[in-house]
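Chemist: In the numbering used here, the protein residues as written are 1169 to 1365. All C-beta atoms in this analysis are idealised placements derived from N, C-alpha and C, irrespective of residue type, glycine included. Being a predicted model, the structure only gives us computed values, none of them experimental.
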């Protein structure tokens, strides 16, 4: 698989049409199209056809697709919250915040969010699932829920009343599968659908 990025001469409204035409001409199949965060598409073709695709005058670049992974674990979030609101050590064992961010929506691009988790108090919803291609972005790994908890959980969260939207771009193993395409599709979806304060 490859990620194809268009030159600015391709209008955002024409991305889908141009992607389908180019993929068809080069014997490929379009996976995702991107028109908000970037202009382009993912395509399944062999290396030779990818080189020919790259030579098209409307194409800025063609890159081999890769795999995205969820990494890192926060083992002691309590001291971390203490460090957010002060620079000097030792910490004062308090987390002072001027707002709960109740007018903010945070989009968590990860393994989804377990929206029923008590830490979210009904503030978490599904946005879209780019692994299963449906509107239910429930977490089957735990990483996305952990990230959402760090962002907006009532106990350990930084923004304790933020609205959380799960955008699932990583599978149950914490990977994007064999491709970056779902991650780019998630970024594109958030760019297009973001609710701003």
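Which term fits residue 1257, buried or exposed, when burial requires 16 or more other beta carbons within 10 angstroms of its beta carbon?
Modeler: exposed
Chemist: Alpha carbon to alpha carbon, what distance is there between residue 1342 and residue 1213?
Modeler: 26 angstroms
Chemist: Please go through the same chain and pick out, in chain order, the residues whose beta-carbon is closer than 6 angstroms to the beta-carbon of residue 1321, but skip the five residues on each side of it.
Modeler: Scanning its chain for C-beta atoms nearer than 6 angstroms, with the 5 sequence neighbours on each side dropped, one finds around residue 1321 the residues 1287, in chain order.
Chemist: In angstroms, rounded to a whole number, what distance separates the CA positions of residue 1268 and residue 1276?
Modeler: 18 angstroms
Chemist: Applying the criterion that 16 or more other CB atoms from any shown protein chain within 10 Å of the CB defines a buried residue, is residue 1347 buried or exposed?
Modeler: buried
Chemist: Taking residue 1274 as the reference, which of 1345, 1351, 1221 and 1326 has the closest Cα?
Modeler: 1326
Chemist: Apply the 10 Å Cβ neighbour rule to residue 1202 and answer buried if 16 or more other Cβ atoms are within range, or exposed otherwise.
Modeler: buried
Chemist: Grouping DSSP H, G and I as helix and E and B as strand, with all else coil, what is residue 1278?
Modeler: strand
Chemist: In chain order, what residues of the same chain lie with their CB nearer than 8 angstroms to the CB of residue 1272, ignoring the 5 residues before and after it?
Modeler: 1327, 1330, 1331 and 1365
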